[in-house]
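*Asks:*
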Amino acid sequence: MILDPTSEKKFTSRELLARPTGLSGQTIGLLDISKARGDIFLNQLESRLTAAGANVLRFRKPTFTKPAPVDLRHEIATKCTLVIEALAD
Amino acid sequence: MTQIKNPLRDGWTLIVKRECATCVMVVPVIARLVRELPSLTVYTQDDPKFPDGVVSISDADLSASWHADIDTVPTLIFREKGIETKRTVGWQRSEWRELTGIADLGSELPEFRPGCGSMSVDPDMIDTLRVRFGGAVLHSRQIEFASAEDEFEAMFSRGLTDGLPVVPPTPERVMRMLSGTSRLPQEVVAIAPPDLVELTIEKIAINAVMAGCLPEYLPWVIAAVEAICTDEYNIHGVLATTMPVGPVIVCNGPGTRAIGMNSGVNVLGQGNRANLTIGRAVQLIIRNVGGGRPNEVDRATHGHPGKLSFCFAEDETNSPFTSLAVARGFDTSQNTVTVFTGEGPRCVVDQLAREPEALAQTLAACLRTVHHPKLPFAFDALLVLGPEHARVFAQANWNRERVLQEIHARLQMPGGEIVRGAGGMAEGVQEAFKDATLPKFRPGGLLLVHAGGVAGLFSSIIGGWVSGATGSDPVTKLVTA
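So the protein sequences, as listed, match chains G and X.
Once you know that position 62 of the first sequence is 61 in numbering that gives the first Met the number 0, the rest is easy, because the numbers rise by one and skip nothing.
Once you know that position 417 of the second sequence is 416 in numbering that gives the first Met the number 0, the rest is easy, because the numbers rise by one and skip nothing.
1. Could you tell me if Gln394(X) is buried or exposed, where buried requires 16 or more neighbouring beta carbons within 10 angstroms of its beta carbon?
2. Restricting to Cα atoms, I'd like to know which of Val391(X), Ser262(X) and Pro164(X) is closest to Ala280(X).
3. Based on DSSP bridge pairs, tell me the residues matched to Ala312(X).
4. Within the same chain, show all residues whose beta-carbon is closer than 6 Å to that of Arg18(G), passing over the 5 residues directly before and after it, in chain order.
5. With distances taken between CB atoms, is the gap from Thr43(X) to Lys16(X) smaller than 8 Å?
6. According to DSSP, simplified to helix, strand and coil, what is Arg59(G)?
7. How would you write the range of the alpha helix (DSSP H) that Ala50(G) sits in, first residue to last?
8. Taking beta-carbon pairs under 9 Å, can you tell me which members of the region 226–245 of chain X lie near chain G?
9. For chain G, check one thing: does any of its Cβ atoms lie closer than 8 Å to the Cβ of Arg140(X)?
10. Taking the continuous alpha helix (DSSP H) assigned at Phe151(X), which residues delimit it?
11. Whose C-beta lies closer than 6 Å to the C-beta of Pro167(X) among residues of the same chain, with five residues either side of it excluded?
12. Within 8 Å (strictly less), CB to CB, does Leu217(X) reach chain G?
13. Output needed for Asp45(X): all residues of its chain with C-beta closer than 6 Å, excluding positions within five of it in sequence on either side, in chain order.
14. Count Cβ pairs between the region 431–445 of chain X and the region 303–311 of chain X that sit closer than 8 Å; are there 3 or more?
15. Please go through the same chain and pick out, in chain order, the residues whose beta-carbon is closer than 8 Å to the beta-carbon of Tyr216(X), but skip the five residues on each side of it.
16. At which residues does the beta strand (DSSP E) containing Thr74(X) begin and terminate?
17. For Met209(X) and chain G, any beta-carbon pair shorter than 8 Å?
18. From the DSSP output, read off the bridge partner residues of Trp90(X).
19. So, does the CB of Thr316(X) fall closer than 8 Å to a CB anywhere in chain G?
20. Tell me which same chain residues have a C-beta within less than 8 Å of the C-beta of Lys9(G), skipping the five on either side of it?
21. Can you say whether His235(X) is buried or exposed, counting buried as having 16 or more other CB atoms within 10 angstroms of its CB?
22. Please confirm whether Ile1(G) has its beta-carbon closer than 8 Å to some beta-carbon of chain X.
23. In the DSSP output, what is Cys346(X) paired with across the bridge?
24. To be precise: take each residue of the region 166–180 of chain X, compare its Cβ to all Cβ atoms of chain G, and keep it if any distance is under 8 Å. Which residues remain?
25. Beta carbon of Cys228(X), beta carbon of Ala204(X): below 8 Å?
26. Alpha carbon to alpha carbon, how far is Ala153(X) from Lys202(X)?
27. To the nearest angstrom, how far is the alpha carbon of Ile39(G) from that of Ser262(X)?
28. Just to confirm the assignment, what range does the alpha helix (DSSP H) spanning Asp225(X) have?
29. Which full runs of the alpha helix (DSSP H) of 4+ residues lie inside the region 16–77 of chain X, going along the chain?
30. Give a yes or no on whether 8 Å exceeds the smallest Cβ distance from Ser103(G) to chain X.
31. Counting beta carbon pairs with one atom in the region 423–436 of chain X and one in the region 345–363 of chain X, are three or more of them shorter than 8 Å?
32. For the region 288–302 of chain X against the region 376–383 of chain X, are there 3 or more C-beta pairs whose distance is under 8 Å?
33. On the DSSP bridge list, what partners appear for Trp11(X)?
34. Taking only beta-carbon positions, decide if Thr77(G) is within less than 8 Å of chain X.
35. Would Ile29(X) and Val53(X) be called neighbours here (beta carbons separated by less than 8 Å)?
36. For the ligand GDP, any of its heavy atoms closer than 7 Å to the Cβ of Thr12(X)?
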């Protein structure tokens, strides 16, 4: 018998919201993680999304090496109806 | 785990065992004490029928012996209102007489005979007893293995190892590990990334057992973990980055010698238990408690072997310089860990330089290549100066500050050499900097440590990671018992 070396954390699962049928009228958040030239990519994305009828809000976290501050995460959750989440590199 | 309480009562208590010749010798004395001291309770560790002719209580589970902190039998104790006020160990006639007030006690016995070791301090028993009487402090879930299951394989298959076998963290081993600190097992030391969970002393001790640490290493592991879990150090980013870096732990202070750390021959290599297991424990904690695993949150493109463990001591005893810890505001009597985010070490060879300027020139040229010779300012570095290189500087009376100043002076890079495209290399700074002069390292971005074997005109460079508030700052913490 051994003692558990992990955090013993229990992850809660949440039900997904219904998927939207289209982008029109949705408010979409794009979070710039502050990596070099990331803005070029996000600018392109914003123009494509805007053309598709979405409202785009831009956010930026102070550094790509640390998680987004809790207040910023709250602001994104409050203001947006959709978030496009992706991993850099 | 339930805890067995202290069974000792007020009045007289005597603890003996039949296996002890001194206990056997004092049997007539015990018989007299039973007659004259009505409150006397006799505990026997081994044979419950001993002493012959006396009603005794079996201390087969050693609870009385453990709680009374008995290391020798016979031991005679007197307690009042729950507090021990008198104690004698072994047989010393005058002391037994004085304590009991029986003037002619043991006249037929010699004046003195030493006692025997208590079963409660038997090295084969001590770990079991620590769990039996103190195990209630452990809160971690217990994981049972099937009887046919190989415990080492079981830990691999449950994803609990770093790719090498680990020592199974049984309650006995964890309790022994906890004896290395005065801090309580449930004290929360830090919030561990990336899962942002509370990291307790108990969880640190469990992973320290797995890494192969001795209890005296535990305070060093705790301090290192406290250091990497600060916002300044930013272990979350260090773990998640695609760059090949991890915590490099530099230990300073007299405690490094006391626990046998290596600061000399093969200092960054294999072979020293303290160096290797302290560093390994820190990595296991981030893996197991923090939840940071390769190919999950750890996205390193290559990583490096030091992500298993990268920990060493500075050679302060033979150093001509002030130590890293002193340079960072501590004094030589204090034990500290400094955590630096680094890649694997690389060697600097200069076997010809006898003048400090020439050696500084070599070191600067090699340091310029950290991550890319055309990238300024963004990355720190740790320079591990070998003793033979340090001697070149010492003979010219260059101190730590002078060495760093001279190296920095040689690392001012003309913009024209490092703009994008220069030298046929696309990497570099923007064209706007072509007329500027940019330093390779930010102020304080080059750390100096003296370590290594006494033979070899070599030093070692450990390149850093994104420096400062954007990435990671070195952090130094005191090591406390």
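Yeah, the Cβ is synthetic: ideal placement off N, Cα and C, and Gly gets one too.
Bear in mind the structure is a predicted one, so any value in this text is a computation, not a measurement.
*Replies:* This is what the structure holds:
1. exposed
2. Comparing C-alpha distances from Ala280(X) to each of Val391(X), Ser262(X) and Pro164(X) shows the shortest one belongs to Pro164(X).
3. Cys250(X)
4. none
5. yes
6. strand
7. Gly37 to Ala50
8. Asp230, Asn233, His235, Gly236, Val237, Ala239, Thr240 and Thr241
9. At a cut-off of 8 Å between beta-carbon atoms, Arg140(X) makes contact with chain G.
10. Glu150 to Ser156
11. If we look at Pro167(X) and ignore the five residues flanking it on each side, its Cβ neighbours are Glu150.
12. No, Leu217(X) does not count as interfacial toward chain G.
13. Lys16, Arg17 and Glu18
14. no
15. Gly179, Ala207, Ile258, Ala273, Thr276, Ile277 and Ala280
16. In this chain, the beta strand (DSSP E) harbouring Thr74(X) covers Thr74 to Glu79.
17. yes
18. Answer by DSSP bridge pairing, in chain order: Arg112(X).
19. no
20. Once the five neighbours on either side are set aside, Lys9(G) has no close Cβ partner at all.
21. buried
22. Yes, because at least one Cβ of chain X sits closer than 8 Å to the Cβ of Ile1(G).
23. Ser459(X)
24. Pro167, Pro168, Thr169, Pro170 and Val173
25. no
26. Take the alpha-carbon of Ala153(X) and the one of Lys202(X): they are about 19 Å apart.
27. 48 Å
28. What sits at residue 225(X) in the sequence shown is Glu, not Asp. Glu225(X) -> alpha helix (DSSP H) spans Leu217 to Ile227.
29. Counting only runs of 4 or more, we get 20–24, 26–35 and 62–66.
30. Any question about residue 103(G) goes unanswered here, given that chain G covers just 0 to 88.
31. no
32. no
33. DSSP, once it has assigned bridges, lists Phe77(X) as partnering Trp11(X).
34. no
35. Yes.
36. Within the structure as shown, the ligand GDP is missing, as the structure has no ligands at all.
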